[in-house]
Ligand SMILES: [Zn+2]
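Below, the structure written as structure tokens:
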């Protein structure tokens, strides 16, 4: 029988154990996945972006995309000229 480490407190228990004996965390892989998904979903965003900040970010992304397209076009033009 293999052992499994508790993701919460680090206590090593037997694999197949549903709950950690020390902290009560779910050790069942299925349950653990759901629990981690819930923590990610329930995690509040680091900061709330305002409308102007979002617009600035969007413009930055558009400028970057435009630059990338321009570089690709330039590369093609250079290749075709040869
Ligand atoms: Zn534990």
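Numbering (my numbering), first residue to last: 35 to 116.
All C-beta atoms, glycine included, are put in the ideal place defined by N, C-alpha and C.
Taking the Cβ of residue 42 as the reference point, at least one heavy atom of ligand 1 falls within a distance shorter than 7 Å.
The three-state secondary structure of residue 39, taken from DSSP, is strand.
For residue 86, the uninterrupted alpha helix (DSSP H) segment begins and ends at 85-115. Taken from the Cβ of residue 59, at least one heavy atom of ligand 1 lies inside 7 Å. In chain order, 54, 56, 57, 59 place their CB closer than 8 Å to the CB of residue 43, counting only its own chain and leaving out the 5 sequence neighbours on each side.
A direct Cα-Cα distance of roughly 26 Å separates residue 111 from residue 93.
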